[in-house]
Amino acid sequence: MLWNFLAAGCRLRSLQGVLVFATTLFCAGLSGCATLERLPAVTYAQAKQADILDIPDARFYISEQKQILDLAIKSAQRRNLARGVSSTRHFIAISGGGDDGAFGAGLLVGWSERGRPEFDVVTGVSTGSLSAPFVFLGRAYDPQLKAVYTESSASDIFEKRAPLFGAIAGDALTDNTPLRGMIGRRVDDTMVRRIAEEYGKGRLLFILTTNLDQGRPVIWNIGAIAASNNPKARELIIEVLLASTSIPAVFPPVMLDVTIGGERYQEMHVDGGTVAQAFLYPPSISLRLAAARTGIDVTKLRTERKRVAYVIRNGRFTRPEESVRLQTVAIAKEALATMITSSGVNDTYRMFLLARRDGVDFNLASIGDDFDVPYKGPFDKGYMQTLFAYGYQKGRAGYPWQKVPPGYVN
0 MLWNFLAAGC RLRSLQGVLV FATTLFCAGL SGCATLERLP AVTYAQAKQA
50 DILDIPDARF YISEQKQILD LAIKSAQRRN LARGVSSTRH FIAISGGGDD
100 GAFGAGLLVG WSERGRPEFD VVTGVSTGSL SAPFVFLGRA YDPQLKAVYT
150 ESSASDIFEK RAPLFGAIAG DALTDNTPLR GMIGRRVDDT MVRRIAEEYG
200 KGRLLFILTT NLDQGRPVIW NIGAIAASNN PKARELIIEV LLASTSIPAV
250 FPPVMLDVTI GGERYQEMHV DGGTVAQAFL YPPSISLRLA AARTGIDVTK
300 LRTERKRVAY VIRNGRFTRP EESVRLQTVA IAKEALATMI TSSGVNDTYR
350 MFLLARRDGV DFNLASIGDD FDVPYKGPFD KGYMQTLFAY GYQKGRAGYP
400 WQKVPPGYVN
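Each step along the sequence shown adds one to the number in numbering that gives the first Met the number 0, with nothing skipped, and position 149 is 148.
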(Lines of atoms letter the chains of each structure in order from A; the text may use other names.)
(Lines give C-alpha, C1' and ligand atoms only; values in the text may rest on other atoms or scores of the structure.)
Protein backbone atom coordinates (compact mmCIF):
# COMPACT_ATOMS: atom_id res chain seq x y z
CA MET A 0 0.00 0.00 0.00
CA LEU A 1 2.72 2.50 0.97
CA TRP A 2 4.71 1.89 -2.22
CA ASN A 3 1.56 2.70 -4.20
CA PHE A 4 1.28 5.87 -2.14
CA LEU A 5 4.94 6.64 -2.87
CA ALA A 6 4.39 6.26 -6.61
CA ALA A 7 1.35 8.50 -6.44
CA GLY A 8 3.30 11.04 -4.41
CA CYS A 9 6.05 11.16 -7.05
CA ARG A 10 3.45 12.49 -9.43
CA LEU A 11 3.38 15.61 -7.24
CA ARG A 12 7.07 16.24 -8.07
CA SER A 13 7.69 17.03 -4.38
CA LEU A 14 7.29 14.33 -1.78
CA GLN A 15 8.36 16.04 1.40
CA GLY A 16 4.98 16.45 3.04
CA VAL A 17 3.54 13.26 1.56
CA LEU A 18 6.26 11.03 2.91
CA VAL A 19 6.45 12.75 6.27
CA PHE A 20 2.77 11.95 6.62
CA ALA A 21 3.28 8.36 5.47
CA THR A 22 6.18 7.80 7.83
CA THR A 23 4.27 9.26 10.78
CA LEU A 24 1.27 7.12 9.94
CA PHE A 25 3.24 3.90 9.85
CA CYS A 26 5.44 4.70 12.86
CA ALA A 27 2.28 5.29 14.85
CA GLY A 28 1.35 1.68 14.13
CA LEU A 29 4.65 0.33 15.41
CA SER A 30 5.43 -0.35 19.06
CA GLY A 31 8.44 1.92 18.68
CA CYS A 32 10.67 3.21 15.89
CA ALA A 33 14.36 2.45 16.23
CA THR A 34 16.69 5.44 16.05
CA LEU A 35 20.02 5.40 14.23
CA GLU A 36 23.01 6.82 16.06
CA ARG A 37 24.50 10.17 15.10
CA LEU A 38 26.89 12.79 16.47
CA PRO A 39 25.43 15.73 18.42
CA ALA A 40 23.58 18.28 16.32
CA VAL A 41 24.78 21.86 15.97
CA THR A 42 22.45 24.21 17.79
CA TYR A 43 21.31 27.55 16.44
CA ALA A 44 23.52 29.33 18.97
CA GLN A 45 26.57 27.34 17.77
CA ALA A 46 25.90 27.72 14.05
CA LYS A 47 28.36 30.56 13.39
CA GLN A 48 31.13 28.58 15.07
CA ALA A 49 30.72 25.48 12.92
CA ASP A 50 33.69 24.96 10.64
CA ILE A 51 33.26 23.39 7.16
CA LEU A 52 36.71 22.33 5.91
CA ASP A 53 38.01 25.74 7.01
CA ILE A 54 36.72 27.28 3.74
CA PRO A 55 35.78 30.99 3.94
CA ASP A 56 32.42 31.89 2.37
CA ALA A 57 31.57 28.21 1.83
CA ARG A 58 27.97 28.77 2.88
CA PHE A 59 25.53 31.28 4.34
CA TYR A 60 22.36 31.34 6.35
CA ILE A 61 19.70 33.74 5.08
CA SER A 62 20.08 35.87 8.20
CA GLU A 63 23.78 36.56 7.52
CA GLN A 64 23.09 39.74 5.57
CA LYS A 65 26.52 41.34 5.94
CA GLN A 66 28.43 38.25 4.82
CA ILE A 67 26.24 37.75 1.75
CA LEU A 68 26.41 41.43 0.83
CA ASP A 69 30.21 41.41 1.18
CA LEU A 70 30.39 38.38 -1.13
CA ALA A 71 28.09 40.09 -3.65
CA ILE A 72 30.29 43.19 -3.65
CA LYS A 73 33.55 41.26 -4.03
CA SER A 74 32.06 39.21 -6.86
CA ALA A 75 30.69 42.32 -8.59
CA GLN A 76 34.11 43.96 -8.44
CA ARG A 77 35.75 40.92 -10.04
CA ARG A 78 32.97 40.78 -12.63
CA ASN A 79 33.45 44.46 -13.49
CA LEU A 80 37.11 43.78 -14.17
CA ALA A 81 36.30 40.74 -16.33
CA ARG A 82 33.41 42.18 -18.37
CA GLY A 83 33.17 45.90 -17.73
CA VAL A 84 30.87 47.91 -15.50
CA SER A 85 28.16 48.51 -18.11
CA SER A 86 27.67 44.93 -19.33
CA THR A 87 24.30 43.25 -18.81
CA ARG A 88 24.06 40.94 -15.78
CA HIS A 89 22.08 37.70 -16.09
CA PHE A 90 20.62 35.65 -13.23
CA ILE A 91 18.89 32.27 -13.45
CA ALA A 92 16.99 30.28 -10.81
CA ILE A 93 16.25 26.61 -11.54
CA SER A 94 13.52 25.11 -9.38
CA GLY A 95 12.90 21.71 -7.92
CA GLY A 96 10.48 19.31 -9.53
CA GLY A 97 11.89 15.77 -9.57
CA ASP A 98 11.71 14.17 -13.00
CA ASP A 99 10.05 17.33 -14.35
CA GLY A 100 13.58 18.73 -14.28
CA ALA A 101 13.72 17.33 -17.81
CA PHE A 102 11.69 20.35 -18.91
CA GLY A 103 14.23 22.88 -17.69
CA ALA A 104 17.13 20.84 -19.03
CA GLY A 105 15.55 20.65 -22.48
CA LEU A 106 14.68 24.34 -22.46
CA LEU A 107 18.24 25.30 -21.54
CA VAL A 108 19.87 23.05 -24.14
CA GLY A 109 17.55 24.35 -26.86
CA TRP A 110 18.14 27.91 -25.74
CA SER A 111 21.88 27.28 -25.84
CA GLU A 112 21.67 26.39 -29.52
CA ARG A 113 19.75 29.57 -30.15
CA GLY A 114 22.19 31.69 -28.13
CA ARG A 115 22.00 31.45 -24.34
CA PRO A 116 23.71 34.17 -22.29
CA GLU A 117 26.46 33.48 -19.79
CA PHE A 118 24.84 33.73 -16.37
CA ASP A 119 26.48 35.79 -13.65
CA VAL A 120 24.50 34.02 -10.93
CA VAL A 121 23.05 30.51 -11.13
CA THR A 122 20.93 29.04 -8.32
CA GLY A 123 19.52 25.54 -8.01
CA VAL A 124 17.15 23.74 -5.66
CA SER A 125 16.52 19.98 -5.54
CA THR A 126 16.46 18.71 -9.15
CA GLY A 127 17.54 22.23 -10.13
CA SER A 128 20.75 21.67 -8.19
CA LEU A 129 21.63 18.82 -10.56
CA SER A 130 21.20 21.08 -13.58
CA ALA A 131 22.84 24.18 -12.09
CA PRO A 132 26.55 23.21 -12.37
CA PHE A 133 26.16 22.30 -16.06
CA VAL A 134 24.27 25.51 -16.78
CA PHE A 135 26.89 27.51 -14.89
CA LEU A 136 29.66 26.11 -17.11
CA GLY A 137 27.83 26.78 -20.36
CA ARG A 138 27.26 25.07 -23.67
CA ALA A 139 30.23 22.70 -23.41
CA TYR A 140 28.33 20.87 -20.66
CA ASP A 141 24.99 20.63 -22.51
CA PRO A 142 25.57 16.97 -23.49
CA GLN A 143 25.98 16.04 -19.83
CA LEU A 144 22.91 18.06 -18.84
CA LYS A 145 20.89 16.26 -21.50
CA ALA A 146 22.20 12.85 -20.45
CA VAL A 147 21.11 13.29 -16.83
CA TYR A 148 17.47 13.70 -17.88
CA THR A 149 17.25 11.48 -20.96
CA GLU A 150 19.46 8.52 -20.07
CA SER A 151 18.53 8.07 -16.41
CA SER A 152 15.74 5.95 -14.95
CA ALA A 153 14.45 5.18 -11.47
CA SER A 154 17.18 2.58 -10.90
CA ASP A 155 19.79 5.30 -11.46
CA ILE A 156 18.23 7.39 -8.68
CA PHE A 157 17.20 5.07 -5.86
CA GLU A 158 16.69 1.50 -4.66
CA LYS A 159 13.83 0.34 -2.47
CA ARG A 160 14.73 -0.79 1.01
CA ALA A 161 13.28 -4.02 2.33
CA PRO A 162 11.59 -4.99 4.49
CA LEU A 163 9.33 -1.96 4.35
CA PHE A 164 8.82 -1.64 8.11
CA GLY A 165 12.57 -1.80 8.61
CA ALA A 166 13.00 1.02 6.12
CA ILE A 167 10.48 3.16 7.98
CA ALA A 168 12.29 2.58 11.26
CA GLY A 169 15.55 3.64 9.59
CA ASP A 170 16.42 6.99 8.03
CA ALA A 171 14.53 6.67 4.72
CA LEU A 172 12.26 4.48 2.63
CA THR A 173 14.82 4.22 -0.18
CA ASP A 174 18.56 4.14 -0.73
CA ASN A 175 19.87 6.91 -3.01
CA THR A 176 23.36 5.45 -3.41
CA PRO A 177 22.78 5.22 -7.21
CA LEU A 178 22.13 8.99 -7.31
CA ARG A 179 25.25 9.67 -5.29
CA GLY A 180 27.23 7.61 -7.81
CA MET A 181 25.72 9.48 -10.75
CA ILE A 182 26.57 12.85 -9.21
CA GLY A 183 30.09 11.66 -8.45
CA ARG A 184 30.69 10.59 -12.03
CA ARG A 185 29.52 13.95 -13.37
CA VAL A 186 31.24 16.17 -10.81
CA ASP A 187 34.82 15.25 -11.65
CA ASP A 188 38.06 17.12 -10.97
CA THR A 189 37.80 18.96 -14.28
CA MET A 190 34.35 20.31 -13.45
CA VAL A 191 35.51 21.44 -10.01
CA ARG A 192 38.49 23.22 -11.55
CA ARG A 193 36.27 24.95 -14.15
CA ILE A 194 33.82 26.12 -11.48
CA ALA A 195 36.74 27.56 -9.51
CA GLU A 196 37.98 29.43 -12.60
CA GLU A 197 34.57 31.01 -13.20
CA TYR A 198 34.25 31.92 -9.53
CA GLY A 199 37.53 33.80 -9.90
CA LYS A 200 35.85 35.89 -12.61
CA GLY A 201 33.10 36.96 -10.22
CA ARG A 202 30.44 34.43 -11.24
CA LEU A 203 28.40 32.70 -8.53
CA LEU A 204 26.86 29.23 -8.27
CA PHE A 205 24.51 28.79 -5.29
CA ILE A 206 22.80 25.58 -4.13
CA LEU A 207 20.10 25.47 -1.45
CA THR A 208 19.80 22.79 1.22
CA THR A 209 17.78 22.65 4.43
CA ASN A 210 19.48 22.22 7.80
CA LEU A 211 16.79 20.03 9.34
CA ASP A 212 18.22 20.24 12.86
CA GLN A 213 17.75 24.00 12.85
CA GLY A 214 14.82 24.12 10.42
CA ARG A 215 16.29 26.76 8.14
CA PRO A 216 17.75 27.06 4.62
CA VAL A 217 21.46 27.12 3.82
CA ILE A 218 22.95 28.72 0.70
CA TRP A 219 26.09 26.90 -0.44
CA ASN A 220 28.68 28.88 -2.40
CA ILE A 221 29.93 26.12 -4.70
CA GLY A 222 32.49 28.38 -6.39
CA ALA A 223 34.22 29.18 -3.10
CA ILE A 224 34.36 25.48 -2.22
CA ALA A 225 35.80 24.62 -5.63
CA ALA A 226 38.39 27.41 -5.42
CA SER A 227 39.58 26.41 -1.95
CA ASN A 228 41.99 23.75 -3.24
CA ASN A 229 40.96 21.67 -0.24
CA PRO A 230 41.47 17.97 -1.07
CA LYS A 231 37.96 17.28 0.23
CA ALA A 232 36.30 20.08 -1.78
CA ARG A 233 35.00 17.81 -4.54
CA GLU A 234 33.45 15.41 -2.03
CA LEU A 235 31.76 18.30 -0.21
CA ILE A 236 30.27 19.57 -3.48
CA ILE A 237 28.91 16.08 -4.20
CA GLU A 238 27.43 15.91 -0.69
CA VAL A 239 25.77 19.32 -1.06
CA LEU A 240 24.22 18.42 -4.43
CA LEU A 241 22.99 15.13 -3.00
CA ALA A 242 21.56 16.86 0.07
CA SER A 243 19.68 19.38 -2.05
CA THR A 244 17.90 16.49 -3.80
CA SER A 245 17.33 14.34 -0.68
CA ILE A 246 13.58 14.42 -0.14
CA PRO A 247 13.03 13.84 3.60
CA ALA A 248 11.89 10.31 4.49
CA VAL A 249 12.16 9.21 0.84
CA PHE A 250 15.95 9.56 0.59
CA PRO A 251 18.42 9.43 3.50
CA PRO A 252 19.54 12.81 4.81
CA VAL A 253 23.13 13.88 4.23
CA MET A 254 25.04 14.04 7.50
CA LEU A 255 27.82 16.64 7.34
CA ASP A 256 30.62 16.44 9.90
CA VAL A 257 31.65 19.79 11.38
CA THR A 258 33.87 20.87 14.24
CA ILE A 259 33.27 23.43 16.98
CA GLY A 260 36.13 24.19 19.34
CA GLY A 261 37.84 20.98 18.32
CA GLU A 262 34.75 18.87 19.07
CA ARG A 263 32.95 16.86 16.36
CA TYR A 264 29.30 17.50 15.53
CA GLN A 265 26.95 16.61 12.69
CA GLU A 266 24.43 18.60 10.71
CA MET A 267 21.47 16.93 9.01
CA HIS A 268 20.85 18.37 5.55
CA VAL A 269 17.90 17.55 3.28
CA ASP A 270 16.14 18.80 0.14
CA GLY A 271 16.29 22.57 -0.31
CA GLY A 272 12.72 22.33 -1.59
CA THR A 273 11.61 21.77 1.99
CA VAL A 274 11.79 25.55 2.47
CA ALA A 275 11.78 27.00 -1.07
CA GLN A 276 11.38 25.52 -4.51
CA ALA A 277 13.48 28.25 -6.15
CA PHE A 278 15.36 31.43 -5.18
CA LEU A 279 17.29 34.26 -6.82
CA TYR A 280 18.98 35.83 -3.81
CA PRO A 281 17.93 36.64 -0.23
CA PRO A 282 15.35 39.47 -0.02
CA SER A 283 17.52 41.11 2.66
CA ILE A 284 20.15 41.85 0.00
CA SER A 285 19.66 45.00 -2.06
CA LEU A 286 21.34 44.99 -5.47
CA ARG A 287 21.15 48.77 -5.43
CA LEU A 288 23.14 48.91 -2.20
CA ALA A 289 25.68 46.45 -3.57
CA ALA A 290 26.03 48.53 -6.75
CA ALA A 291 26.51 51.73 -4.76
CA ARG A 292 29.22 50.05 -2.68
CA THR A 293 31.13 49.23 -5.88
CA GLY A 294 31.04 52.86 -7.05
CA ILE A 295 28.19 52.57 -9.56
CA ASP A 296 25.68 55.42 -9.91
CA VAL A 297 22.45 53.67 -8.92
CA THR A 298 20.36 56.25 -10.81
CA LYS A 299 21.86 54.90 -14.04
CA LEU A 300 21.44 51.19 -13.32
CA ARG A 301 18.36 50.74 -15.51
CA THR A 302 19.94 52.52 -18.48
CA GLU A 303 23.62 51.69 -18.26
CA ARG A 304 23.65 48.21 -16.78
CA LYS A 305 20.66 46.06 -17.51
CA ARG A 306 19.97 43.17 -15.16
CA VAL A 307 17.86 40.24 -16.30
CA ALA A 308 16.51 37.37 -14.20
CA TYR A 309 15.18 34.07 -15.53
CA VAL A 310 13.18 31.63 -13.42
CA ILE A 311 12.57 28.10 -14.66
CA ARG A 312 9.73 26.38 -12.87
CA ASN A 313 10.13 22.63 -13.43
CA GLY A 314 6.44 22.00 -13.12
CA ARG A 315 3.05 23.62 -13.48
CA PHE A 316 1.30 26.32 -11.49
CA THR A 317 -1.99 24.46 -11.13
CA ARG A 318 -2.79 21.06 -9.64
CA PRO A 319 -4.98 18.83 -11.81
CA GLU A 320 -8.51 18.58 -10.44
CA GLU A 321 -9.41 15.29 -8.84
CA SER A 322 -12.52 13.57 -7.53
CA VAL A 323 -10.94 12.81 -4.17
CA ARG A 324 -11.93 9.58 -2.46
CA LEU A 325 -13.16 9.64 1.14
CA GLN A 326 -10.00 7.96 2.33
CA THR A 327 -7.33 9.27 4.69
CA VAL A 328 -4.35 8.73 2.38
CA ALA A 329 -6.17 10.12 -0.68
CA ILE A 330 -7.28 13.23 1.21
CA ALA A 331 -3.79 13.81 2.61
CA LYS A 332 -2.14 13.32 -0.79
CA GLU A 333 -4.35 15.82 -2.61
CA ALA A 334 -4.25 18.35 0.23
CA LEU A 335 -0.46 18.22 0.26
CA ALA A 336 -0.36 18.43 -3.53
CA THR A 337 -2.37 21.64 -3.27
CA MET A 338 -0.02 23.00 -0.60
CA ILE A 339 3.06 22.21 -2.69
CA THR A 340 1.59 23.82 -5.81
CA SER A 341 0.67 26.92 -3.83
CA SER A 342 4.19 27.04 -2.39
CA GLY A 343 5.59 27.13 -5.93
CA VAL A 344 3.31 30.05 -6.79
CA ASN A 345 4.33 31.88 -3.62
CA ASP A 346 8.04 31.40 -4.36
CA THR A 347 7.51 32.83 -7.82
CA TYR A 348 5.73 35.92 -6.48
CA ARG A 349 8.55 36.45 -3.97
CA MET A 350 11.17 36.38 -6.73
CA PHE A 351 9.07 38.62 -8.96
CA LEU A 352 8.62 41.27 -6.28
CA LEU A 353 12.31 41.08 -5.40
CA ALA A 354 13.25 41.64 -9.04
CA ARG A 355 10.76 44.47 -9.35
CA ARG A 356 12.14 46.16 -6.22
CA ASP A 357 15.69 46.03 -7.58
CA GLY A 358 14.90 47.02 -11.15
CA VAL A 359 15.63 43.55 -12.57
CA ASP A 360 13.89 42.36 -15.74
CA PHE A 361 11.81 39.30 -14.73
CA ASN A 362 11.26 36.26 -17.00
CA LEU A 363 9.40 33.06 -16.13
CA ALA A 364 9.09 29.66 -17.80
CA SER A 365 6.99 26.64 -16.79
CA ILE A 366 5.42 23.51 -18.27
CA GLY A 367 2.41 24.56 -20.31
CA ASP A 368 -0.98 22.98 -20.84
CA ASP A 369 0.14 21.95 -24.33
CA PHE A 370 2.23 19.18 -22.75
CA ASP A 371 -0.26 16.40 -22.10
CA VAL A 372 1.86 13.22 -22.07
CA PRO A 373 0.55 10.84 -19.37
CA TYR A 374 2.78 10.33 -16.34
CA LYS A 375 3.83 6.69 -15.98
CA GLY A 376 5.69 6.74 -12.67
CA PRO A 377 8.74 8.25 -10.98
CA PHE A 378 11.73 8.83 -13.26
CA ASP A 379 10.26 7.01 -16.24
CA LYS A 380 12.84 7.38 -19.00
CA GLY A 381 10.30 7.68 -21.81
CA TYR A 382 8.40 10.43 -20.01
CA MET A 383 11.56 12.40 -19.27
CA GLN A 384 12.81 12.07 -22.84
CA THR A 385 9.49 13.39 -24.18
CA LEU A 386 9.47 16.26 -21.69
CA PHE A 387 13.09 17.12 -22.51
CA ALA A 388 12.19 17.24 -26.22
CA TYR A 389 9.22 19.50 -25.40
CA GLY A 390 11.45 21.92 -23.48
CA TYR A 391 14.15 21.73 -26.13
CA GLN A 392 11.80 22.76 -28.93
CA LYS A 393 10.51 25.65 -26.82
CA GLY A 394 14.03 26.86 -26.09
CA ARG A 395 15.31 26.48 -29.64
CA ALA A 396 12.32 28.30 -31.10
CA GLY A 397 12.63 31.16 -28.62
CA TYR A 398 10.68 30.66 -25.42
CA PRO A 399 7.84 33.19 -24.85
CA TRP A 400 8.95 34.19 -21.35
CA GLN A 401 6.19 35.33 -19.02
CA LYS A 402 6.86 38.74 -17.51
CA VAL A 403 4.68 38.31 -14.41
CA PRO A 404 3.64 35.39 -12.18
CA PRO A 405 0.39 33.56 -12.90
CA GLY A 406 -2.65 35.64 -11.97
CA TYR A 407 -0.75 38.88 -11.49
CA VAL A 408 -2.31 42.02 -12.98
CA ASN A 409 -0.39 45.31 -13.20
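Every residue gets a Cβ at the ideal spot worked out from N, C-alpha and C, and that includes glycine.
Which word fits residue i, buried or exposed, when buried means at least 16 other C-beta atoms lie within 10 angstroms of its C-beta?
i: residue 216; result: buried
i: residue 399; result: exposed
i: residue 371; result: exposed
i: residue 367; result: exposed
i: residue 42; result: exposed
i: residue 189; result: exposed
i: residue 283; result: exposed
i: residue 332; result: buried
i: residue 326; result: exposed
i: residue 227; result: buried
i: residue 320; result: exposed
i: residue 317; result: exposed
i: residue 407; result: exposed
i: residue 208; result: buried
i: residue 323; result: exposed
i: residue 114; result: exposed
i: residue 314; result: buried
i: residue 94; result: buried
i: residue 397; result: exposed
i: residue 202; result: buried
i: residue 3; result: Low confidence applies here, because residue 3 scores a pLDDT of 41, under 50, leaving its location unreliable; read the following figure in that light. It is exposed - the Cβ of residue 3 has fewer than 16 other Cβ atoms within 10 Å.
i: residue 51; result: buried
i: residue 142; result: exposed
For the beta strand (DSSP E) containing residue i, name the first residue and the last one.
i: residue 123; result: 120 to 124
i: residue 326; result: Run containing residue 326: none; DSSP gives neither H nor E here.
i: residue 209; result: 203 to 210
i: residue 176; result: Per DSSP, residue 176 belongs to no beta strand (DSSP E); it is in the alpha helix (DSSP H), 176 to 185.
i: residue 256; result: 253 to 259
i: residue 270; result: 262 to 270
i: residue 307; result: 306 to 312
i: residue 316; result: Taken as a continuous stretch (DSSP letters only), residue 316 belongs to no beta strand (DSSP E), as it is neither H nor E.
i: residue 148; result: Careful: residue 148 lies outside any beta strand (DSSP E), inside the alpha helix (DSSP H) at 141 to 149.
i: residue 59; result: 58 to 60
Identify the continuous alpha helix (DSSP H) that holds residue i and give its terminal residues.
i: residue 221; result: 221 to 226
i: residue 42; result: It is not in any alpha helix (DSSP H) - residue 42 carries neither H nor E in the DSSP assignment.
i: residue 238; result: 232 to 243
i: residue 67; result: 64 to 82
i: residue 198; result: 188 to 199
i: residue 250; result: Unbroken run through residue 250: none, as it is neither H nor E.
i: residue 92; result: From DSSP, residue 92 is part of no alpha helix (DSSP H) but of the beta strand (DSSP E) over 88 to 93.
i: residue 113; result: 100 to 114
Can you give the beta carbon distance from residue i to residue j, rounded, assuming they're within the 8 Å contact cut?
i: residue 100; j: residue 127; result: 7 Å
i: residue 219; j: residue 206; result: 5 Å
i: residue 132; j: residue 61; result: At roughly 22 Å, the Cβ-Cβ gap does not stay under 8 Å, so residue 132 and residue 61 are not in contact.
i: residue 244; j: residue 172; result: At roughly 15 Å, the Cβ-Cβ gap does not stay under 8 Å, so residue 244 and residue 172 are not in contact.
i: residue 198; j: residue 242; result: No, residue 198 and residue 242 are not in contact; Cβ-Cβ is about 20 Å, not under 8 Å.
i: residue 281; j: residue 269; result: Actually they do not touch by this definition, with Cβ atoms about 20 Å apart.
i: residue 279; j: residue 92; result: 5 Å
i: residue 271; j: residue 125; result: 6 Å
i: residue 144; j: residue 157; result: Contact flag wrong, Cβ pair sits at about 21 Å.
i: residue 89; j: residue 307; result: 5 Å
i: residue 37; j: residue 383; result: Not a contact, Cβ separation roughly 34 Å.
i: residue 98; j: residue 377; result: 6 Å
i: residue 266; j: residue 40; result: 7 Å
i: residue 275; j: residue 346; result: 6 Å
i: residue 312; j: residue 277; result: 7 Å
i: residue 405; j: residue 344; result: 7 Å
i: residue 80; j: residue 170; result: Not really, about 46 Å apart at Cβ, beyond 8 Å.
For chain B, is any of its Cβ atoms less than 9 Å away from the one on residue i?
i: residue 256; result: Chain labels in this structure do not include chain B; a single protein chain is all it has.
Could you say if the stretch 95 to 105 and the stretch 387 to 396 meet the contact criterion of at least three C-beta pairs nearer than 8 Å?
-> yes
Given 8 Å as the limit, is there contact between the stretch 56 to 66 and the stretch 84 to 101, that is, 3 or more CB pairs closer than that?
-> no
Only counting runs of 4 or more residues, tell me where the alpha helix (DSSP H) segments fall wholly within the stretch 355 to 404, in order along the chain.
-> 380 to 396
With a cut-off of 8 Å, do at least 3 Cβ pairs link the stretch 69 to 82 to the stretch 257 to 270?
-> The stretch 69 to 82 makes no contact with the stretch 257 to 270, as fewer than three CB pairs between them are under 8 Å.
For the stretch 332 to 343 against the stretch 108 to 123, are there 3 or more C-beta pairs whose distance is under 8 Å?
-> no
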